[in-house]
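In my numbering, the protein residues as written are 1 to 344.
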Amino acid sequence: MRIFKNANLIDLSTEIGRRKFIGAIQHNWDTIRDIGNLALRMGVQEFTSGSNFPDEVAAAIAKYHIDITEIERSYEAAFDIVDLRGSNASSFKIRDVQSGLSFARVRDGEKALIYGISGNAVEVELDLYGAALEWSRKWFMDQEWWTIEDNAVEFRRKWWESRAIVFWDLIQSLTDGTAYNVPYDTVGATAVAKDINTINAGCLELITAHLDTGLGVNASTQMVIFVPLANKPRVERALLGTFGAANPAGDRISYNISAFYTAGLDWVRPLDVVAGTDWTGHGSDNQPPLGYLCIPGRKNKLGERMDLTILSETDILAFAEKTAGWGRYGGAISEAQWRRLLGT
Numbered sequence: 001m002r003i004f005k006n007a008n009l010i011d012l013s014t015e016i017g018r019r020k021f022i023g024a025i026q027h028n029w030d031t032i033r034d035i036g037n038l039a040l041r042m043g044v045q046e047f048t049s050g051s052n053f054p055d056e057v058a059a060a061i062a063k064y065h066i067d068i069t070e071i072e073r074s075y076e077a078a079f080d081i082v083d084l085r086g087s088n089a090s091s092f093k094i095r096d097v098q099s100g101l102s103f104a105r106v107r108d109g110e111k112a113l114i115y116g117i118s119g120n121a122v123e124v125e126l127d128l129y130g131a132a133l134e135w136s137r138k139w140f141m142d143q144e145w146w147t148i149e150d151n152a153v154e155f156r157r158k159w160w161e162s163r164a165i166v167f168w169d170l171i172q173s174l175t176d177g178t179a180y181n182v183p184y185d186t187v188g189a190t191a192v193a194k195d196i197n198t199i200n201a202g203c204l205e206l207i208t209a210h211l212d213t214g215l216g217v218n219a220s221t222q223m224v225i226f227v228p229l230a231n232k233p234r235v236e237r238a239l240l241g242t243f244g245a246a247n248p249a250g251d252r253i254s255y256n257i258s259a260f261y262t263a264g265l266d267w268v269r270p271l272d273v274v275a276g277t278d279w280t281g282h283g284s285d286n287q288p289p290l291g292y293l294c295i296p297g298r299k300n301k302l303g304e305r306m307d308l309t310i311l312s313e314t315d316i317l318a319f320a321e322k323t324a325g326w327g328r329y330g331g332a333i334s335e336a337q338w339r340r341l342l343g344t
């Protein structure tokens, strides 16, 4: 999607011209975001190929000539979105509350028991993120429209890339301990069978831990697994579960799982002496976890406070147009809803 339909109309010599210039960039950024949101709402899980997009998404992509594959937003599959745009909120709360509620038979003349609610609240800050770019006015005088366009596109891409890093780091911050790490299977006869058994064990742990919690978790619950790119072939084979030499027992994944493959998971664990080489329960070095498994939504929350927004001014001393992009968001994960599947 080109930002400027007719670059020859760009005119920074007037206030109206400057507003139109910034408005064109903002429109481009907003359109990319809106079509990404539409794709997620329509169930598009990975922005890889337009061949399987729903008609509404494909039509929007065709209309605006957008390369939707440049956006990394698969991490959003783990979160419920809390839309706080237009509000005055600087944070939001995730309440880890429970009532102890249970249903029991109430006989004629009796009253239902009333349960009190107890628990704690987690405050999630909506942090401000920003960056600035300086366009030399010489580019406009010399009509280097391709340079201006490339810089605006890079600005937009860097926003989504930096946002993705924040959330991948949040996911990888999952406590490193036996409560959240699922040991790699040692029973399976082949590597594929061991991968399958490890994923099944993680699903079983999560479902069992959430019985009777009021979060609506059961054997049919949709779960997601985020997979380091290095393990993509392994997890794809495990999810396929094809009978053959690599899987002679015909083992299968027994649960409802969607997989997302990303280079954003770098398996660097905080506090490692040598980053990424000392996973609890892990027998060899320099290998990523098989993946991060979670029950999506519920108390995994992502708060949206302000979309990427442009502010601009002319710097007469630098003979440049300075543009800053700002946005606000925040998020938190409920560690109880996650398991790190150790690999080998």
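For each residue, glycine too, the CB sits at the ideal point set by N, CA and C.
Note that the structure is a prediction, hence the values are computed from the model and not measured.
- Item | Residue nearest to Tyr255 in terms of C-alpha spacing, selected from Thr221, Thr262 and Thr178 | Comparing Cα-Cα distances from Tyr255 to each of Thr221, Thr262 and Thr178, the minimum goes to Thr221.
- Message: Contact between the stretch 203 to 210 and the stretch 287 to 297 is defined here as three or more beta-carbon pairs at a separation below 8 angstroms; is this criterion met?
- Response: yes
- Going by beta carbon distance, what residues of the same chain come within less than 6 angstroms of Gly188, once the five residues before and after it are set aside? Lys194 and Asn197
- Determine the extent of the beta strand (DSSP E) in which Thr323 is found, giving its start and end residues. Ala320 to Ala332
- Pick from Leu133, Asn28, Val227 and Leu317 that is closest to Gly264, judged by C-alpha positions: For Gly264, the nearest C-alpha among the options comes from Val227.
- Please report the residue range of the beta strand (DSSP E) in which Pro228 lies. Met223 to Pro228
- Just mark Arg73 as buried or exposed, buried being the case when its beta carbon has 16 or more other beta carbons within 10 Å. buried
- Do you know how far the Cα of Ser312 is from the Cα of Asp34? 23 angstroms
- Taking the C-alpha atoms as reference points, what is the distance between Gly345 and Met306? Limits of the chain in this structure are 1 at one end and 344 at the other, which puts residue 345 out of reach.
- Check whether the Cβ atoms of Leu174 and Ile333 sit closer than 9 angstroms, and answer yes or no. yes
- Task: Look at the alpha carbon of Asp80 and the alpha carbon of Ala201, and state the distance between them as a whole number of angstroms.
- Result: 25 angstroms
- Please state whether DSSP places Arg105 in a helix, a strand or coil. Low confidence applies here, because Arg105 scores a pLDDT of 49, under 50, leaving its location unreliable; read the following figure in that light. The three-state reading of DSSP puts Arg105 in coil, since its state is none of H, G, I, E or B.
- Query: Between Leu342, Phe319, Trp326 and Gly325, which lies nearest to Met141 when the distance is taken from Cα to Cα?
  - Reply: Of Leu342, Phe319, Trp326 and Gly325, the residue nearest in Cα terms is Phe319.
- Query: Does the Cβ of Asp11 lie closer than 8 angstroms to at least one heavy atom of the ligand GDP?
  - Reply: Ligands in the displayed structure: none, and consequently the ligand GDP is not present.
- Query: Is it true that the stretch 162 to 182 meets the stretch 337 to 344, where meeting means three or more beta-carbon pairs spaced less than 8 angstroms apart?
  - Reply: The stretch 162 to 182 vs the stretch 337 to 344: in contact.
- Task: Apply the 10 Å Cβ neighbour rule to Asn28 and answer buried if 16 or more other Cβ atoms are within range, or exposed otherwise.
- Result: buried
- Query: Do you know whose CA, among Ser91, Arg137 and Arg85, lies nearest Leu317's CA?
  - Reply: Arg137
- Message: With distance defined between alpha-carbon atoms, name the residue in Ile94, Thr262, Asn247 and Asp83 nearest to Leu290.
- Response: Thr262
- Query: Using DSSP with H/G/I as helix, E/B as strand and the rest coil, what is Asp80?
  - Reply: strand
- Ala132, DSSP secondary structure in three states: strand
- Supposed close pair Val224, Ala78 - CB separation, criterion 8 angstroms: 6 angstroms
- Between which two residues does the beta strand (DSSP E) containing Arg85 stretch? Note, Arg85: premise wrong, no beta strand (DSSP E); not H, not E.
- The beta strand (DSSP E) with Glu304 in it runs from where to where? Per DSSP, Glu304 belongs to the beta strand (DSSP E) from Lys301 to Asp315.
- Query: Apart from the five residues on each side of it in sequence, which residues of its chain come closer than 6 angstroms, Cβ to Cβ, to Arg237?
  - Reply: Val192
- Task: Assuming Trp135 and Thr323 form a contact by the criterion Cβ under 8 angstroms, report the distance between their Cβ atoms to the nearest whole angstrom.
- Result: 7 angstroms
- Item | Local Cβ density within 10 Å of Trp168, reported as buried at 16 or more and exposed below that | buried
- Task: Locate the beta strand (DSSP E) running through Ile257, then write down its first and last residues.
- Result: Ile257 to Thr262
- To the nearest angstrom, how far is it from the Cα of Gly331 to the Cα of Gly130? Roughly 17 angstroms between the two C-alpha positions.
- Tyr180 to Arg252 span [Cα, whole Å]: Going from the Cα of Tyr180 to the Cα of Arg252 covers about 23 angstroms.
- Message: Just to confirm, is the Cβ distance from Gly325 to Ala24 under 9 angstroms?
- Response: no
- Message: Between which two residues does the beta strand (DSSP E) holding Leu341 run?
- Response: First-last of the beta strand (DSSP E) with Leu341: Trp338 to Leu341.
- Query: Using CA coordinates, which residue listed in Arg85, Ile94 and Leu128 is at the minimum distance from Ala121?
  - Reply: Ile94
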